[in-house]
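Protein chains in written order, with the working numbering: chain P, 1 to 379; chain D, 1001 to 1210.
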Amino acid sequence: MSRRHRRRAKDLEFQRAAAVTTLLDQPEVDLDRLRSQACNKGLSNRELRSKAWPVLLGIDQATFAKAEYESLAVGTHRDTSVVDVDVQRSLWSYTEGWSDEKRDCSRAQLKSLLNAAIGHHHGNAFYYQGLHDIASVLLFEIGERPAFLVLRCLMTNHLRDFTRPTLEPVMELLELLMPLLEQADLELYRHVSSSGAPPYFALSWLITWFAHNVPALDQITRLFDLFVASHPLMPLYVAVIAMRASRIKLLKCDLDAAEMHRALHNLSITAFASADKLAHEAAVLFRQCPPSAVIHSRKICMNKSCAAEAHEVGGHWQVPEVPQPCKFGSSSRLRLWSYQGLSFAAAAVVLGVVLSTRAMSDRSFGTGSGFLAHMPPLL
Amino acid sequence: MYGGQPQTIKVVLLGEGRVGKTSLAQRYVRSSFNEGQAATVQAAFFTKAVRVQGQEIEVALWDTAGQEKFHSLGPIYYRDAHAALLVFDITDTDSFKRVKRWVDELHAMAGERCQLVIAANKQDLQHRSVSEEEAQEFAASQGAAYFQTSAKTGLGLEELFTALLSSVLDSLKDQRLHAAQGMQTTGRRHGGLVVASQDSISERKSSTCC
């Protein structure tokens, strides 16, 4: 980057920060404008994000109670051991050049943050592998205390379908990916579809908000600006834009499900378009083709997930607690069975019933979580 | 019989979180070990070219996330698998219980074609909690092969995969004998990132996107 470009980028960043500061300094924050800024231009820096992310989510930071946090941070829950092992092997991203001591110190904070946020929900919102990736971005960017408030809010809002006892709702949401790709890039859609690869390659993109896949903090926080300010399905739009940005590479990929899965699994999200560009284009695609339009045109039933029905209340996105009744009758439910493997999964559920007796007597995974006990009936 | 294409053998790695599934895959495919291996959030796919019984084989290895919550994704990856590699950590009794559950499910769901191999991993650690006798007896009672492994040192990995692949090849030959026509292979895929092992015949370059 030339000196002139660097200076221009610096000026632009300064203007962005000034715009966000002005918005946050108003006695009554204009949420529409703050949201627009977060989606289209980003929130600029750490200090501004620590203020703006809670505001965008409708969080009153004064509700933080230190004693409660400290108590929850050392408490236990269903997934305490999973959190332990995930945290122990975490924080390799964003910490290049750090000493082991410094990384361990952040891991201790990450563990406290996760345990407190999970404990706050008293068994109503569960940990999943990948939540620790989101939590680590929050921790590094806005600090432990605001990160706790944001994380506990997200767990029952934007991330609601991921914190259910099983991942069935997530699999349902991933059904929306290919129809969105069809809207964004027909040729790529046909290519990926013909490979037969089911959309599970996008699982970590969705449930970690790309934190598992984007190793640069400045890039991932720019995407988080968009996600915090947007509909909870916005990560699917970024996924589609990232695929479109990598189309030349993907179109060269063999028409083979496993190879396509690998290519997409290993896709460098910001290699062909910066986070800023991805965020901007995803927001455009969202306006052109909101989730309701895809669901309606494809007659997709969302029986297990709630994110598609998210709506604004007082300028903040909220996700309903239970799935809404299907508007398209029973026939369209067959769509969910179109992917290879799901019928097999259903058979596994039958097995789950058979084995549940054994699972009930073996509670090694925590209260009420025996083998397959978390597989809800698919029908 | 395969028009020059190597036989593809699909193996799925299953087991509790942090037992070393990804590390075993990395050690086998890339001969590397990473102390800071992060948690697996979604299934990853590896391939490796080897020669077994004089035949070119492409091992298609699917590594899965270990958290119980991801369990329902299991069938997507073990269906069509020739073998399931069930991994437990010898210092963690819960992880051995999880292997037992996988064995139950696979017996019921994956059919006889899917061969079961149990890996008692982390043999490099001293404080074992799962006794060798118990694990071996369990494996024998379930008709599963059993190997002691360490992803860290590489202990047992080559032996495990050589035996696994030989066993799958024998089984495929038997199937061909019993059903000369209509045998389904999972060998739809080809190409891909190929990392040659010490005994592989050649290192084939990827012709695809990876």
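For every residue, glycine included, the Cβ atom is placed at its ideal position computed from N, Cα and C.
- Taking the Cα of D/Val1029 as reference, the smallest distance to any Cα among D/Ala1049, D/Gly1020, D/Val1019 and D/Lys1152 is reached at D/Ala1049.
- In the three-state reduction of the DSSP assignment, P/Ala117 falls in the helix class.
- Against chain P, the beta carbon of D/Gly1017 has neighbours under 8 Å at Val82, Val85, Asp86 and Gln129, listed in chain order.
- Around the beta carbon of P/Gly42, a 10 Å sphere encloses 16 or more other beta carbons of the protein chains shown; the residue is thus reported as buried.
- Boundaries of the beta strand (DSSP E) around D/Asn1121: Gln1115 to Asn1121.
- Interface criterion not met: the Cβ of P/Thr76 is under 9 Å from no Cβ in chain D.
- Less than 9 Å divides the Cβ of P/Pro215 from the Cβ of P/Tyr94.
- Assigned with DSSP and collapsed to three states, P/Trp317 falls in strand.
- The three-state secondary structure of D/Ile1057, taken from DSSP, is strand.
- Per DSSP, the unbroken beta strand (DSSP E) holding D/Gln1007 starts and ends at Gln1007 to Gly1015.
- Any Cβ of chain D closer than 9 Å to the Cβ of P/Asp25 would place that residue at the interface, and such an atom is absent.
- Taking 4 residues as the shortest admissible run, the region 196 to 279 of chain P contains the following complete alpha helix (DSSP H) segments, listed from N- to C-terminal end: 203 to 207, 217 to 229, 234 to 245, 247 to 251 and 257 to 265.
- For D/Ala1043, the neighbours in chain P by C-beta distance under 9 Å run, in chain order, Tyr200, Phe201, Leu203, His261 and His265.
- With contacts defined by Cβ atoms closer than 9 Å, D/Ala1119 and D/Phe1096 do not form a contacting pair.
- The beta carbons of P/Gln37 and P/Leu57 sit no closer together than 9 Å.
- Boundaries of the beta strand (DSSP E) harbouring D/Tyr1146: Ala1145 to Gln1148, taken from the DSSP string.
- Under the 9 Å criterion on CB atoms, D/Ile1076 is classed as interfacial with respect to chain P.
- Between the alpha carbons of P/Leu154 and P/Thr163 lies a gap of roughly 10 Å.
- Per DSSP, the continuous alpha helix (DSSP H) segment holding P/Val170 begins and ends at Glu168 to Leu174.
- In the structure shown, the three-state DSSP call for P/Asp185 is coil.
- When CB distances to chain D are screened at a threshold of 8 Å, the residues of the region 159 to 173 of chain P falling below it are Pro165, Thr166, Leu167, Glu168 and Met171, in chain order.
- The beta carbon of D/Gly1036 sits closer than 9 Å to some beta carbon of chain P.
- Using a CB distance below 9 Å, the part of the region 1048 to 1076 of chain D facing chain P consists of Ala1060, Trp1062, Ala1065, Gly1066, Gln1067, Glu1068, Lys1069, Phe1070, His1071, Ser1072, Leu1073, Gly1074, Pro1075 and Ile1076, ordered along the chain.
- The beta-carbon of D/Thr1091 is placed no less than 9 Å from the nearest beta-carbon of chain P.
- Beta-carbon to beta-carbon, P/Ala308 and P/Leu206 are separated by about 13 Å, too far to satisfy the 8 Å threshold.
- Nearest to D/Phe1147 by C-alpha distance, out of D/Asp1170, D/Lys1122, D/Gln1005 and D/Ser1023, is D/Lys1122.
- For D/Gln1026, the closest alpha carbon among the candidates D/Glu1105, D/Leu1061 and D/Ala1139 is that of D/Leu1061.
- Ranked by how close their Cα comes to the Cα of P/Trp317, the residues P/Ala282, P/Cys306, P/Cys326 and P/Gln324 have P/Cys306 in first place.
- Here D/Leu1164 carries a helix assignment [DSSP, helix/strand/coil].
- Proximity of chain D to P/Thr156 at the Cβ level (cut-off 8 Å) is not reached, the minimal Cβ distance being about 17 Å.
- For D/His1107, the secondary structure class from DSSP, reduced to helix, strand or coil, is helix.
- At least one C-beta of chain D is nearer than 9 Å to the C-beta of P/Ser90.
- Check the Cα spacing between D/Thr1162 and each of D/His1178, D/Asp1094, D/Ile1057 and D/Gly1017: the tightest is with D/Ile1057.
- A residue is called buried when at least 16 other Cβ atoms come within 10 angstroms of its Cβ; P/Asn124 does not meet this threshold and is exposed.
- Collapsing the DSSP output to three states places D/Asp1080 in coil.
- Here the alpha carbon of P/Glu70 sits roughly 8 Å from the alpha carbon of P/Ala116.
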